[in-house]
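J.: Protein chains in written order, with UniProt numbering: chain A, 1 to 436; chain B, 1 to 272; chain C, 1 to 365.
For glycine and all other residues, C-beta sits at the position ideal for the given N, C-alpha and C.
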Amino acid sequence: MSEPTETPATRLLAWLTDGDLRLLSVLTVSLFVLVWVLSFFSGIREPGRILSQIQGVAFIAVLYVMLALSLNLQWGYTGLLNLGVAGFMAIGVYTMALLSMPTSAAVPGLGLPLWIGIPGGVLVASLFGALVALPAIRLQADYLAIVTLAFSEIVRLVIRSQEAASFTIAGTRLGTGGTDSLALPTSPVKVLLYEDPSQPAAIAAASPTPLGDILFTAGEQIGASPAVMESLVYTVFLLVIAVAFFWLVSRIANSPFGRVLKAIREDELVASSLGKDTRLFKIKVFALGSGMMGLVSILWFLERGSVTPATFVPDLTFFVFVALILGGSGSNMGGVIGSLVFVVLLLESPRFIRRIIRESFDPPAPPETIFDALSGVDPLLGYFTSQESISALRFILLGIILVYLMQQRPDGLLGHRTEVASNVDLADRQQTEEES
Amino acid sequence: MTAQQSRTADADSETDAILSVQDLRKSFGGITAVDGVSFEIEPGSITGLIGPNGAGKSTTFNLISGAYTPDSGTIVFDGTDITGYRPDRVATRGLVRSFQIARELPEMSVLENVMLAPQHQLGETLYRSVLPGFRSGVETQERELRERAWETLEFFEIDHLATENAGNLSGGQRKLLEMARVLMTDPEMILLDEPLAGVNPTLEQKLIERLHELKADGYTFLFVEHDMDIVMNNCDPIIVMHQGQKLAEGAPETIKEDDRVLEAYLGGEVEQ
Amino acid sequence: MSTRTEQDLSQLLRQFLLPATLVVVAGLLVVDLFRRLVTGAVGTATLATFLWDGVVFGMAIGLAGIGLAMTYSILKFANFAHGDYITFGAFAGWMVTFVVAGLGDFSLDLLVLVSGELSVADIGINVLATPLAIVLGLVVAAAATAALALVVDRIVFKPMRDADGISLLIASVGVALALRHVLLLVFQGSSRTLTTDVASVSVSVGDGAVAFGAHEVTLVVLAAVLMIGTHALLQYTKLGTAMRAMADNEDLARVTGIPTERVVRTAWLLGGALTGAAGFLIALESGTMNTSFGWELLLVIFSAVILGGIGSVYGAIAGGLIIGVASRLSLIWLPSELILAGAFGVMIVALLVKPQGLLGGVKTV
């Protein structure tokens, strides 16, 4: 890269032609163009509203990228079948809430600042990860799957129980809010943008911080509300953390530590016969991955402002698995690409397609039963474009894709990918000889 | 002097044994696979462990390497009682095994397979492999390991396959890879479980040559093998097992003359 | 020698401390139970009711677990679609029961969809009033689920016979998602009432009485009959012997490669039929169902099967009874919301103490 004629343009070109990154950028651009087209045809045409849609999809996409990277550490690299993703996520966000909700709230917490609450949630999720990994040391993979799924259900059932909804420890009243949605502390992005962040968005927007003022004025130009601009900032903030996740997981993968993880996945007895204490590696990787899942969930619901236990059903875990397997587990770039494809095409596009069908064909209200629906094209369309039916169809498609992937493309859509487990270029021996 | 006493006396006199197995027993669901086996192995030797099918060779092997826990008996390696150690602890002590059916790590390259093996790698600690300040030390070590790995692959003449996925190797190449990997752990003693099974004659010769070179370098081998000829020509001493017990032990010439050994082998053949 | 000490410690923990703690905890619970009985905090009739409910639930779970254990022992993978096979069986069976009981008086469409719109009081289904409809429903539930299991095997699992257990497990998650939502799409999500109240026999116990409802008794009796039938089939027929041989000798199966297709088909057929029957009976006993009740039972069934030593049919039955009785008895100490969490916790602890399951080692399909 020491060409004298180097300009930003040539650098960009070189960057784009570097295999993986080019694929990622081209794919990302096409997927979001698709979101734009879908929004346009479903009647969302003002720039501000389209921006809001794209922001919404990007937000979810970045979250799934982070979840897939965390799961890749456990399942992709080490072969640990963790079906408790939702449970670790729930532990993360609920611990944060218990630590950081103000003592005066309807469902109070300890009132500690977020810089304690967030690491606290991550730490507790990791600790539970290590705890759940203990059986993993001795169990076959399918037992581990059942144990982790059961663990995640225990977490959900406990959080939603009356006993946990509100309890008192050492004279301090705390709670999870039970089955109700639990309000969460004010997000740090709000603090950045509003002078009075704890107020409802509409009131808070009236008195922005200087930074908020700049962004909101910019938003006004394209008709984006302060709420959209706020979410946009949040999404960018998430993106930065997602890059950090990628960096972390890649660095682990390309190291002797990652080499042992891969060896455990391939053949644990070989790894231990070569003197690796595979138990320790499994515990560490389970704790780290689970902590990362906890963090993702904290960041997710801080933006939303509230959380309910119903979010953490096993389906959430399966979503993350589909995202990872789609791109190819065991590869970070695969996990990222799989998550983008999963979120845009499978998770989000059905609701646009539903809107487009309803906009263009104006089908009648959904008939009562499937037999009534079969009486004609319009009722059929009405039945299958109801909110419930679209959701069910989406799950059916997911199930079919999962089976298809396991049967035909176990390495994911991108096919087999290798990421070398060393932090030096193994093939590059020349270099060593020159150095020595 | 009873047999018991004489054995104890022998054990005392031969304190220079690198591996000492005493009265090892293991049974599976009522079937006794190893029934009171004792032997000692001299450093720098290639000791053959032979016996007909079902003699308990593999079980003994797995007990020594830590894959199974013995019901009773002791295993002392290099002055340390390693009875019941997990496989990784046995390996870190310097007693490393190969597998009867080569167990390569298929989705990892040949180089990755080999570079996995060295003990106490800095980069196997999570924070060292991630944090920038520590990572430079890991990289230095990785370069050293890479050089050793290439040398080892050259020694076994599979360096041209270095970046190939191990799963794409032929059966013989896998055996070589397995040997290379074991060697990379820098062991004091190597347990070989039928390293020549399914290997073509040319490769077999190559492997045996390497074995003798390594022996000359001071490595110790325990060589479990089915094929009498290979053992007779390359091992000294030889331990013969039959029906879970030690039948005979001694130099190849002595074993060749031993009627019980012949009988055990013929009996085994007739059964088959 | 620190390694040695560490290993001894973990051994001690696993083989002595953990079981000992469990025994102490169980002992304390028994003592506490007696205290409560003596002080009258828990009446004997309440206790007897809990026990009976536990047996009913346990028989249901045990019956539902047989199919899971069977396919696990033959195909060596945990079938996550099993819960949705239960739901499928229940819907197939109740569709027939509704049609038989209500044909002529009600819209066929609604009957076929086991619609919640129908007035249950008017159709008046229960085991005493409409026994034929119930029996036909049971038979169809078994047959339809067996057929479903075979079809899914043909499409999904058969092309994957060489794949490892984990790939099969993940594929079965796909089947579970698809199947549950197909049912949801067709039948819709609302919970429906199936039966009208039915007579029960009251037996007085100590300070009160225990009611044995006709549907509960039906479930227990039929489940027992099906279990005994399965036992006879496995023990005294050639196919049963083949199945046991295959389940017994994992190594031989691995060496000879793939289990013969016929045995695999029989396992799905038999396991599917029992699963469908279980689904039908569970719905009969509870009197309600929706499209996700089987999925919600899946983990409880896994707990039972694991407790009994995964892959063992008798273990599944025993595990079902243990989980059933323990979960109902735990109502004495635990709020009802946390019973399931408790049952899963017991399973995890059981796996830690005895990974082979309580009846582990005894491999009997």
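Beta carbons nearer than 9 Å to chain C: which residues of the region 182-216 of chain A have them?
T.: Cβ contacts with chain C come from no residue of the region 182-216 of chain A.
J.: Identify every residue that forms a DSSP beta bridge with B:N165.
T.: DSSP, once it has assigned bridges, lists B:S109 as partnering B:N165.
J.: Kindly indicate if chain A contains any beta-carbon less than 8 Å away from that of B:A55.
T.: Not one chain A Cβ lies under 8 Å of B:A55.
J.: Measure from the alpha carbon of C:I310 to the alpha carbon of each residue in C:V31, C:A41, C:F77, C:F57, then state which is nearest.
T.: Of the candidates C:V31, C:A41, C:F77, C:F57, the one whose C-alpha sits nearest the C-alpha of C:I310 is C:F77.
J.: Please state the DSSP three-state secondary structure of C:L239.
T.: C:L239: helix per DSSP, three-state reduction.
J.: Where DSSP assigns a beta bridge to A:F167, which residues make up the other side?
T.: For A:F167, which the question treats as bridged, DSSP gives the partners A:L174.
J.: At a cut of 8 Å, does the region 55-62 of chain C reach the region 311-326 of chain C through at least three beta carbon pairs?
T.: These segments touch.
J.: Using the three-state DSSP reduction, which class does C:R192 fall into: helix, strand or coil?
T.: Looking at C:R192 - three-state DSSP - the assignment turns out to be strand.
J.: Using a cut-off of 8 Å between C-beta atoms, extract the partners of C:D109 located in chain A.
T.: Ordered by position in chain A, the residues that pass the 8 Å Cβ test against C:D109 are T369, F371, D372.
J.: What is the DSSP secondary structure of C:A318, reduced to helix, strand or coil?
T.: Looking at C:A318 - three-state DSSP - the assignment turns out to be helix.
J.: Which stretch, first to last residue, makes up the beta strand (DSSP E) that contains B:E40?
T.: Segment 31-41, the beta strand (DSSP E) holding B:E40.
J.: Taking the alpha-carbon of A:Y404 as reference, which of C:T230, C:E296, C:S172 has the nearest alpha-carbon?
T.: Selected option, being the one with the closest Cα: C:S172.
J.: Given A:G258, which residues of its chain have a CB within under 8 Å of its CB, disregarding the five upstream and five downstream residues?
T.: Answer for A:G258: Y77, I252, A421, listed in chain order.
J.: Tell me which residues share the same chain as C:T291 and place their Cβ nearer than 7 Å to its Cβ, disregarding the 5 neighbours each side in the sequence.
T.: If we look at C:T291 and ignore the five residues flanking it on each side, its Cβ neighbours are T87, R180, L183, L184, F187, G189.
J.: Name, please, each residue of chain A whose Cβ falls closer than 7 Å to the Cβ of B:M115.
T.: The answer, in chain order, is R259, S422.
J.: Determine which residues share a DSSP beta bridge with B:K246 and list them.
T.: BP columns for B:K246 point to B:M241.
J.: Can you give, in chain order, each stretch of the alpha helix (DSSP H) that sits fully within the region 144-214 of chain C and has at least 4 residues?
T.: Counting only runs of 4 or more, we get 165-187.
J.: Pull up the distance between the alpha-carbon of C:V313 and that of C:I66, whole angstroms please.
T.: Taking the straight line from one Cα to the other gives about 5 Å.
J.: Could you have a look at C:I310 and say whether DSSP puts it in helix, strand or coil?
T.: Reduced to three states, the DSSP call for C:I310 is coil.
J.: Do the region 145-155 of chain A and the region 331-348 of chain C meet, that is, are 3 or more Cβ pairs less than 8 Å apart?
T.: Yes: the two stretches touch, three or more of their Cβ pairs being nearer than 8 Å.
J.: Three or more C-beta pairs closer than 8 Å, one from the region 101-118 of chain C and one from the region 362-369 of chain A: is that the case here?
T.: In short, these stretches touch, since the Cβ pair count reaches three.
J.: Return the first residue and the last residue of the alpha helix (DSSP H) that B:D186 is part of.
T.: From DSSP, B:D186 is part of no alpha helix (DSSP H); its letter is neither H nor E.
J.: Which residues share a DSSP beta bridge with C:I123?
T.: Answer by DSSP bridge pairing: none, since C:I123 is not bridged.
J.: For a quick check, are the C-beta atoms of A:L174 and A:L80 less than 8 Å apart?
T.: Against a cut-off of 8 Å, the Cβ pair of A:L80 and A:L174 comes out as no contact.
J.: In three-state terms, what does DSSP make of B:T48?
T.: The sequence given here has Gly at residue 48 of chain B, not Thr. If DSSP states are grouped into helix, strand and coil, B:G48 belongs with the strands.
J.: Of all the alpha helix (DSSP H) runs that stay within the bounds of the region 187-227 of chain B, which reach a length of 4 or more residues?
T.: DSSP runs (the alpha helix (DSSP H)) wholly in the region 187-227 of chain B: 201-216.
J.: So, are the CB atoms of B:E194 and B:V231 less than 8 Å apart?
T.: No, these two residues do not count as a Cβ contact at 8 Å.
J.: Can you tell me which of the three DSSP states A:Y77 falls into?
T.: The answer is helix: DSSP assigns A:Y77 an H, G or I state.
J.: I need the boundaries of the beta strand (DSSP E) containing B:K26, first residue and last residue.
T.: Segment 19-28, the beta strand (DSSP E) holding B:K26.
J.: Determine, using beta-carbon pairs with one atom in the region 286-303 of chain A and one in the region 160-175 of chain A, whether at least three such pairs fall under 8 Å.
T.: Contact between the region 286-303 of chain A and the region 160-175 of chain A is absent, because fewer than three Cβ pairs lie under 8 Å.
J.: Would you decide whether A:W115 is buried or exposed? Buried here means 16 or more other CB atoms lie within 10 Å of its CB.
T.: A:W115 comes out exposed.
J.: DSSP state of residue 437 of chain A, grouped into three classes?
T.: Past the edges of chain A, shown from 1 to 436, lies residue 437 of chain A, and the structure says nothing about it.
J.: Would you list, in chain order, the members of the region 153-168 of chain A that have their beta-carbon closer than 7 Å to a beta-carbon of chain C?
T.: Here the close residues are E153, I154, L157, V158, S161, Q162, E163.
J.: Do we get a CB-CB distance below 8 Å when we pair residue 437 of chain A with the residues of chain B?
T.: Any question about residue 437 of chain A goes unanswered here, given that chain A covers just 1 to 436.
J.: Cβ of A:R22 versus every heavy atom of the ligand ZN: is any distance shorter than 7 Å?
T.: No copy of the ligand ZN occurs in the structure displayed, which carries no ligand at all.
J.: Going along the chain, which residues of its own chain have a beta-carbon closer than 8 Å to the beta-carbon of C:L334, five neighbours each way excluded?
T.: Same-chain partners within the cutoff: G342.
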